[in-house]
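Before any comments, here is the structure.
Number of protein chains: 2
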Amino acid sequence: MINKLIENIKKTNAPIVVGLDPMLNYIPQHIQKKAFSELGETLEGAAEAIWQYNKGIVDAISDLIPAVKPQIAMYEQFGIPGLMAYKNTIDYCKEKGLVVIGDIKRGDIGSTSAAYAVGHLGKVQVGSNRIAGFDEDFATINPYMGSDSVNPFIDVCKEENKGLFVLVKTSNPSSGEFQDRIIDGRPLYEWVGEKVAQWGESHMGNEYSYVGAVVGATYPEMGKTLRKIMPKTFILVPGYGAQGGKGADLVHFFNEDGLGAIVNSSRGIIAAYKQEKYASFGELNYADASRQAVKDMIEDISTALNNR
Amino acid sequence: MINKLIENIKKTNAPIVVGLDPMLNYIPQHIQKKAFSELGETLEGAAEAIWQYNKGIVDAISDLIPAVKPQIAMYEQFGIPGLMAYKNTIDYCKEKGLVVIGDIKRGDIGSTSAAYAVGHLGKVQVGSNRIAGFDEDFATINPYMGSDSVNPFIDVCKEENKGLFVLVKTSNPSSGEFQDRIIDGRPLYEWVGEKVAQWGESHMGNEYSYVGAVVGATYPEMGKTLRKIMPKTFILVPGYGAQGGKGADLVHFFNEDGLGAIVNSSRGIIAAYKQEKYASFGELNYADASRQAVKDMIEDISTALNNR
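Sequences listed follow chains A and B, in order. Under this note's numbering, the first residue of the first sequence carries the number 79, and numbering increases by one thereafter. Under this note's numbering, the first residue of the second sequence carries the number 79, and numbering increases by one thereafter.
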């Protein structure tokens with residue numbers, strides 16, 4: 079799957095991923111009204127609105143991008159119906175040829191991590207059948223519990239040719255509270271990065287490992303160090319756009335081959351029509367605004383990479 | 079909710095919680111057969127088997143215990159139908175007067191943590207309605223991303239009188255890989271414990287905080303230290319029984335008032351009938367075996383607490 083991700087990036091010339099993280103207040107009124115008139119102001123109604131909204135965006139941008147990253151929390155907040163919209167979104171994006179990164183940030187003791195891995199990336203045994211639950215291509219995971227919480231994910235990835243992105247240095251303001259603390263002269267995130275590189279050696283694709291890392295665009299200097307510590311690790315970079323990261327901050331996350339990183343934008347793309355810059359598209363044409371925002375993001379990153 | 083948990087513990091005289099973490103191979107053949115004959119060897123069939131199995135156990139033990147802790151991964155592995163069984167289990171246990179601790183170990187950047195908090199502990203706004211998604215009483219969360227990933231959970235807990243257990247020192251063998259690393263002379267888990275105590279001050283119940291901690295039974299000496307660092311923090315203690323923790327290891331997790339900790343057992347209770355000790359109950363009477371295992375666990379912990 080890391081090979082397919084890289085192939086998609088080369089084909090689109092766009093090392094970006096669009097975060098499908100819908101909030102109800104992003105969704106245009108005409109979509110909300112239709113869903114609520116059919117299903118009421120219920121979890122089902124909200125889930126239907128999200129799904130229609132996502133579908134509109136994916137139809138408008140799928141030819142421009144290699145991958146999407148639905149954030150499961152934004153669906154989970156609407157309970158079971160929300161999770162059904164998450165699953166529909168995954169299936170639809172895969173049909174369109176997109177790589178799907180499930181942003182689930184799971185992680186637990188061994189047998190429990192194995193259950194998450196099976197449910198999201200693998201197949202669960204039921205009697206004589208093996209059945210996929212959510213079936214994302216990649217999943218994000220949390221390393222706080224150490225190797226025996228990560229290895230069950232790697233095992234399933236090996237079976238299924240799927241991949242991971244392990245949290246190393248997250249994009250949020252207080253990520254440093256624990257991640258930046260100094261251990262034997264180096265911050266915790268570097269020790270985690272080193273482990274990610276080791277874990278990755280056990281499951282290599284052609285050029286990069288199936289085991290990637292998450293490093294926030296908001297910390298470009300740390301990205302530079304981590305790039306060196308993890309040369310064969312693909313880095314998923316959140317925090318571009320709405321969280322403050324800019325194209326120029328991103329160059330150090332990439333290797334000389336122009337690969338090695340994929341930059342995420344969520345709000346900046348899916349709710350583009352709410353920005354002054356794209357307001358002329360109007361709410362009805364929200365998906366066209368998203369398409370333009372994708373083009374502008376690709377241009378911003380290409381320019382930064384060409385100027386380095 | 080921390081007050082209700084303590085009230086339930088005093089009423090049952092049992093500082094324990096039963097982990098409802100079903101694996102298909104724990105479930106007696108007669109339950110699996112019935113579910114599969116109705117719904118096939120499908121995710122729906124597996125979910126039905128899990129739900130019937132849980133219901134049998136809860137009916138047999140609910141008068142003896144204060145709380146249950148369903149591990150969402152064990153349901154999530156069966157996709158949407160599995161999560162419906164998770165939700166049914168929560169609702170049923172709450173009807174029985176049990177406190178429900180959702181073992182979800184979520185955590186993300188601010189707005190995303192807020193979505194998880196709303197979905198699991200609060201209510202989501204849909205038009206003019208506020209609707210609960212999963213509606214557990216407590217949730218476990220992961221602190222790797224720092225305060226701004228934890229605070230949105232605390233905010234929802236304040237609104238809803240609900241609570242948290244934050245991972246501090248987990249029960250698994252490789253938990254020390256990062257958690258035990260020394261920072262300014264003290265292990266990371268102590269720094270996290272100190273933060274948990276601080277977070278807890280902002281949301282106090284009568285005797286203890288609504289913000290609890292997870293510390294594994296498998297590390298009793300560390301439990302002793304953490305008990306002192308977090309005097310007003312309730313500690314959820316996994317790792318008893320199947321993972322190797324014994325009653326005598328647990329005394330240091332409790333305060334002098336006999337409170338301050340709640341010990342989890344999962345497999346040791348719900349799959350008791352598979353142990354030699356309880357084999358005489360037979361597979362058909364699996365729930366009676368679980369009831370006896372609960373009584374034995376309460377006895378083991380009471381004896382240890384009385385002998386300290």
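The beta-carbon is built from N, C-alpha and C at its ideal position, and this holds for glycine as well.
For this session: State the start and end residues of the unbroken alpha helix (DSSP H) segment that holds L161/B.
Result: DSSP places L161/B in the uninterrupted alpha helix (DSSP H) bounded by 157 to 173.
Problem set entry | Local Cβ density within 10 Å of D141/A, reported as buried at 16 or more and exposed below that | In the assembly as shown, D141/A is an exposed residue. Its beta-carbon has fewer than 16 other beta-carbons within 10 Å.
For this session: Please list, in chain order, all residues of the same chain as V270/A whose beta carbon is under 6 Å from its beta carbon, the five residues on each side excluded.
Result: Excluding positions up to five away in sequence, the list reads P221, V246.
Exercise. To the nearest angstrom, how far is it from the Cα of D99/B to the Cα of K133/A?
Worked result: So the alpha carbons of these two residues sit roughly 35 Å apart.
Exercise. Taking A428/B as the reference, which of K88/B, E238/B, T90/B, P309/B has the closest Cα?
Worked result: Examination of residue 428/B is not possible in this model, given that chain B is present from 79 through 386 alone.
Exercise. Along chain A, which residues have their Cβ under 8 Å away from the Cβ of W269/B?
Worked result: Chain A residues near W269/B: F256, R259.
For this session: Run through the segment 122 to 152 of chain A for me and flag every whole beta strand (DSSP E) of 3 or more residues, listed as ranges in chain order.
Result: Those beta strand (DSSP E) runs which fall completely within the segment 122 to 152 of chain A and span 3+ residues do not exist here.
For this session: With 8 Å as the C-beta to C-beta threshold (strictly closer), list the residues of the segment 209 to 238 of chain B near chain A in chain order.
Result: Residues of the segment 209 to 238 of chain B with a C-beta less than 8 Å from any C-beta of chain A: I209, A210, G211, F212, N220, P221, Y222, M223, G224, S225, D226, S227, listed in chain order.
Exercise. Where do the ends of the beta strand (DSSP E) carrying N207/B lie?
Worked result: Unbroken beta strand (DSSP E) run through N207/B: 207 to 210.
For this session: Could you tell me which residues DSSP puts in a beta bridge with M282/B?
Result: DSSP output for M282/B lists S287/B as bridge partner(s).
Exercise. When you compare only the Cα positions, how much space is there between S368/A and I347/A?
Worked result: When rounded, the distance between both Cα atoms is 5 Å.
Exercise. Using a Cβ-Cβ distance under 9 Å, would M79/B count as near chain A?
Worked result: Interface flag for M79/B against chain A is unset, since no Cβ pair is found closer than 9 Å.
For this session: Output, in chain order, the set of chain B residues within a Cβ distance shorter than 8 Å of G185/A.
Result: For G185/A, the residues of chain B that pass the 8 Å Cβ criterion are K183, N220, in the order they occur in the chain.
Exercise. If you drop the 5 nearest sequence neighbours on each side, which residues of the same chain put their C-beta closer than 7 Å to that of M162/A?
Worked result: Excluding five sequence positions before and after M162/A, the CB atoms of its chain that fall closer than 7 Å to its own CB belong to A125, given in chain order.
Exercise. Given V280/A, which residues of its chain have a CB within under 7 Å of its CB, disregarding the five upstream and five downstream residues?
Worked result: Checking the displayed sequence, the identity of residue 280/A turns out to be Ser instead of Val. Taken in chain order, the residues that qualify are I232.
Exercise. What are the residues that DSSP puts in a beta bridge with D181/B?
Worked result: Answer is Q149/B.
For this session: Kindly list the residues whose CB is nearer than 7 Å to the CB of A138/A, restricted to its own chain and excluding five residues on each side of it in sequence; keep chain order.
Result: Closer than 7 Å at the Cβ level, and outside the excluded window around A138/A, lie A365, D366, S368, R369.
For this session: Assign L176/B to one of two classes, buried (16 or more other C-beta atoms within 10 Å of its C-beta) or exposed (fewer than that).
Result: Taking a 10 Å sphere around the C-beta of L176/B, we find 16 or more other C-beta atoms and assign the residue as buried.
For this session: With 9 Å as the threshold, decide whether the Cβ of Y297/A is near any Cβ in chain B.
Result: Cβ-Cβ to chain B under 9 Å: no for Y297/A.
Problem set entry | 8 Å Cβ cut-off: residues of chain A touching Q370/B | The premise fails here: Q370/B is roughly 24 Å from chain A at the closest Cβ pair, so nothing lies under 8 Å.
For this session: Just mark S206/A as buried or exposed, buried being the case when its beta carbon has 16 or more other beta carbons within 10 Å.
Result: With fewer than 16 Cβ atoms within 10 Å of its Cβ, S206/A is classed as exposed.
Exercise. Tell me which same chain residues have a C-beta within less than 6 Å of the C-beta of L378/B, skipping the five on either side of it?
Worked result: The question names Leu, but residue 378/B in the sequence shown is Asp. Cβ neighbours of D378/B beyond the five flanking positions: G325.
For this session: With N86/A as the anchor, note down where its alpha helix (DSSP H) starts and where it stops.
Result: Element bounds for N86/A: 80 to 90.
Problem set entry | Residues near I128/A by beta carbon distance below 6 Å, same chain, minus five either side | Here the set comprises P100, A163.
Exercise. Listed from N- to C-terminal order along the chain, which residues in the segment 154 to 172 of chain A have their beta-carbon within a distance smaller than 8 Å of any beta-carbon of chain B?
Worked result: Within the segment 154 to 172 of chain A, E154, Q155, F156, G157, I158, G160, L161, M162, K165 place their CB atoms closer than 8 Å to a CB of chain B, listed in sequence order.
For this session: Identify which residue in D215/B, G200/B, A217/B has its Cα closest to the Cα of I209/B.
Result: The shortest Cα separation from I209/B among D215/B, G200/B, A217/B belongs to G200/B.
Exercise. Cβ of K352/A less than 9 Å from any chain B Cβ?
Worked result: For K352/A, the answer is no, since every Cβ of chain B falls outside 9 Å of its Cβ.
For this session: Measuring only between beta-carbons, confirm whether F243/A sits less than 9 Å from chain B.
Result: No, because no Cβ of chain B sits closer than 9 Å to the Cβ of F243/A.
Problem set entry | Option nearest G336/A by Cα separation, candidates E299/A, K82/A, I87/A, G278/A | For G336/A, the nearest C-alpha among the options comes from I87/A.
For this session: Please check if any C-beta of chain A sits within less than 9 Å of the C-beta of P316/B.
Result: Yes, its Cβ sits closer than 9 Å to a Cβ of chain A.
Exercise. Where in the segment 220 to 307 of chain B do unbroken runs of the alpha helix (DSSP H), each at least 4 residues long, occur, reported from the N-terminal end onward?
Worked result: Taking only runs of at least 4 residues, the alpha helix (DSSP H) segments lying wholly in the segment 220 to 307 of chain B are 225 to 238, 254 to 257, 266 to 279, 298 to 307.
Problem set entry | Cβ neighbour criterion (16 or more within 10 Å) applied to D181/A | Within a 10 Å sphere around the beta-carbon of D181/A sit 16 or more other beta-carbons, which makes this residue buried.
Exercise. Are the beta-carbon atoms of F331/A and G338/A separated by less than 9 Å?
Worked result: Yes; because the gap between Cβ atoms is below 9 Å, this pair is in contact.
Exercise. Which first and last residues belong to the beta strand (DSSP E) in which Q107/B is found?
Worked result: Counting along the chain, Q107/B sits inside no beta strand (DSSP E); it lies in the alpha helix (DSSP H) bounded by residues 107 to 117.
For this session: Could you tell me whether the Cβ atoms of F312/B and I94/B are closer together than 9 Å?
Result: Result no, Cβ atoms of F312/B and I94/B do not sit closer than 9 Å.
Exercise. At which residues does the alpha helix (DSSP H) containing A195/A begin and terminate?
Worked result: A195/A -> alpha helix (DSSP H) spans 188 to 198.
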